[in-house]
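Undergrad:
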Amino acid sequence: MPPLVVDAGLVFRLLLPTPAQALLREHIDAWLQDGGALVAPTLWRYELVSALVKAVHFATLTDEEARRALGLVDAFPVELIVPDARLSEAAYGWGRRLQRANAYDAFYLALAEALRCELWTADRRLARAAQQPWIRLIGDSS
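In this note's numbering, the protein residues as written are 224 to 365.
Here is the structure:
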């Protein structure tokens, strides 16, 4: 079974009480129970911590809630992949194709493409922009 790339936005919605949390948990649990592995580029952790800091800053979460979620991030069963030159080149290509000002999303796309596996995301804009059959939109945020 190939691994599954999960982006930070999807996991953020999974770890916190959001309308999509139950659906996301059901999908991830089913994947893991079937023996699947979860992977992400190393920026996954940075993006999640940044999202937690931002949520506290704008009073969407309390400090206590964010720290609890941070503990869940640390325990989440994902293998973080350090991008090499080939993956960085592929991410650059995705960034240019999508006409993005940054390459964060592009690294998730490049990793899924390199591993020939699905990318699960909650980012409708990313899924629409990339238009690939191996991108699965779950618990979307527009």
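Beta carbons are placed, not taken as given, at the ideal position from N, Cα and C, and that holds for glycine.
Quick check on the burial criterion: 16 or more other C-beta atoms within 10 angstroms. Buried or exposed for Y269?
TA: Within the sequence shown, residue 269 is the residue found at index 46, counting from 1. When all chains shown are included, Y269 counts as exposed.
Undergrad: For D252 and Y327, what's the separation of their Cα atoms in angstroms?
TA: As a working note, residue 252 is residue 29 in the sequence shown. As a working note, residue 327 is residue 104 in the sequence shown. Roughly 26 Å separates the two Cα atoms.
Undergrad: Can you give me the C-alpha to C-alpha distance between R347 and L233, rounded to a whole angstrom?
TA: In the sequence shown, counting from the first residue as 1, residue 347 sits at position 124. In the sequence shown, counting from the first residue as 1, residue 233 sits at position 10. Distance between the alpha carbons of R347 and L233 is about 11 Å.
Undergrad: Apply the 10 Å Cβ neighbour rule to L257 and answer buried if 16 or more other Cβ atoms are within range, or exposed otherwise.
TA: The residue labelled residue 257 in the question sits at position 34 within the sequence shown. Note on residue identity: the sequence assigns Asp, not Leu, to residue 257. Burial call: exposed.
Undergrad: So, A243 versus A350, is the Cβ gap smaller than 8 Å?
TA: Along the sequence shown, one-based indexing puts residue 243 at 20. Along the sequence shown, one-based indexing puts residue 350 at 127. Taking 8 Å as the Cβ cut-off, A243 and A350 do not qualify as a contacting pair.
Undergrad: Give every residue of the same chain whose Cβ lies closer than 8 Å to the Cβ of L310, excluding the five residues on either side of it in the sequence, and list them in chain order.
TA: The residue labelled residue 310 in the question sits at position 87 within the sequence shown. Excluding its 5 nearest sequence neighbours in each direction, L310 has C-beta neighbours in its own chain below 8 Å: P264, I304, F330, A333, L334, A337, listed in chain order.
Undergrad: Spatial neighbours of E371 within its chain, please: C-beta separation below 6 Å, excluding the five flanking residues on both sides.
TA: Summary: the structure shown does not reach residue 371, with the chain confined to residues 224 through 365, and so no result is reported for it.
Undergrad: Do A292 and L342 have their beta-carbon atoms positioned less than 8 Å apart in this structure?
TA: On the sequence shown, residue 342 is found 119 positions in, with the first residue counted as 1. On the sequence shown, residue 292 is found 69 positions in, with the first residue counted as 1. No; because the gap between Cβ atoms is not below 8 Å, this pair is not in contact.
Undergrad: Determine the extent of the alpha helix (DSSP H) in which L255 is found, giving its start and end residues.
TA: Within the sequence shown, residue 255 is the residue found at index 32, counting from 1. Segment 244-256, the alpha helix (DSSP H) holding L255.
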